[in-house]
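Residue numbers (our numbering): 1 to 150. Right, one structure below, let's go through it.
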Amino acid sequence: MDNTDKKILNILQNNFGISYRDLGKKVKMAASSVHNRVQKMLDEGIIKKEDTIINPMKAGFNTIALIGLSIDPRRMEEVAERIASYEEIQLIATTTGDHDIVARIIAEDEKSLWRFINEKIKIIDGVKPQMDVSSFIDIFKMSHKIKFKV
């Protein structure tokens, strides 16, 4: 990835709907060259997909929580993949910190959150009983953007 790709990514993160022609003007390239670069970044997985970022709390999901789980090491991948399959999960990652897996969950309210944890997470073979749950109160910043220095 060169500086031109980074410039393209910086622009696309703020306006994915920009035309290749306008994007080309901003990076001083032909629209077809910009299109080829964007397509290559899509093919390589650098750009995941175009997406609409929604603030869950403004869209009726009033409870957002981080949950830290301890997992039987022999079942780590299996458990992570199963938890990742649930729509309520926005992010799941294995970690090197106090927990084996950390997940971000959205729910309509606290009751829905606890129902989800009790009915879908705690019952998975390999999930140990000790877990930490922290609910968000206010969100001051939520972004998927990466600022590239060029």
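Beta carbons are placed, not taken as given, at the ideal position from N, Cα and C, and that holds for glycine. Quantities reported herein were computed from a predicted structural model and do not represent experimental measurements.
When the Cα of residue i is compared with those of the options, which residue comes out closest?
| i | options | result |
| --- | --- | --- |
| phenylalanine 140 | Ile89, Met131, Asp125 and Asn55 | Asn55 |
| serine 134 | Ile117, Gln13, Asp2 and His35 | Ile117 |
| glycine 126 | Ala80, Lys26, Met1 and Gly60 | Ala80 |
| lysine 6 | Val38, Ala59, Trp114 and Ala84 | Val38 |
| methionine 142 | Met57, Val150, Met29 and Ala30 | Met57 |
| isoleucine 89 | Asp98, Leu113 and Thr96 | Leu113 |
Which residues in the same chain as residue i place their Cβ atom closer than 7 Å to its Cβ, once the five residues preceding and following it in sequence are excluded?
| i | result |
| --- | --- |
| lysine 120 | Tyr86 |
| histidine 144 | Ile53 |
| lysine 26 | Ile11 |
| aspartate 100 | Leu69, Ser70, Ile71, Met76 and Thr94 |
| asparagine 62 | Glu108 and Asp109 |
| glutamine 13 | Lys145 |
| alanine 84 | Ile92 |
Note the first and the last residue of the continuous alpha helix (DSSP H) segment covering residue i.
| i | result |
| --- | --- |
| glycine 126 | Counting along the chain, glycine 126 falls outside any alpha helix (DSSP H), and DSSP gives it neither H nor E. |
| valine 27 | 20 to 27 |
| valine 38 | 31 to 43 |
| isoleucine 151 | Beyond the ends of the chain as shown, which are 1 and 150, falls residue 151; an answer cannot be given. |
| glutamate 88 | Segment: none, glutamate 88 is in no alpha helix (DSSP H) and carries neither H nor E. |
| glutamate 119 | No alpha helix (DSSP H) holds glutamate 119; DSSP gives it neither H nor E. |
For residue i, which residues in the same chain have their Cβ closer than 8 Å to its Cβ, ignoring the five residues on either side in sequence?
| i | result |
| --- | --- |
| glutamine 130 | Ser70 |
| arginine 82 | Ile124 |
| serine 33 | Gly24 |
| histidine 35 | Tyr20 |
Does the CB of residue i have a neighbour CB from chain C at under 9 Å?
| i | result |
| --- | --- |
| lysine 111 | In the structure shown, chain C does not exist; there is a single protein chain. |
Assuming residue i is part of the beta strand (DSSP E), what are its boundary residues?
| i | result |
| --- | --- |
| valine 102 | 101 to 107 |
| isoleucine 146 | Run containing isoleucine 146: none; DSSP gives neither H nor E here. |
| threonine 151 | Given a span of 1 to 150 for the chain in the structure shown, any question on residue 151 remains unanswerable. |
Grab me the residues of residue i's own chain with a C-beta within less than 6 Å of its C-beta, minus the 5 sequence neighbours each way, in chain order.
| i | result |
| --- | --- |
| phenylalanine 136 | Ile64 |
(message) Under 8 Å, with one C-beta from each stretch per pair, do the region 66 to 82 and the region 34 to 50 reach the 3-pair mark?
(response) The region 66 to 82 makes no contact with the region 34 to 50; the number of CB pairs closer than 8 Å stays below 3.
(message) Quick check on the DSSP output: what are the complete beta strand (DSSP E) runs of length 3 or more inside the region 55 to 83, in order along the chain?
(response) The region 55 to 83 contains, as complete beta strand (DSSP E) runs of 3+ residues, the segments 63 to 71 (chain order).
(request) Give a yes or no on contact between the region 60 to 69 and the region 98 to 117, applying the rule of three or more CB pairs nearer than 8 Å. (result) Enough Cβ pairs lie closer than 8 Å, so yes.
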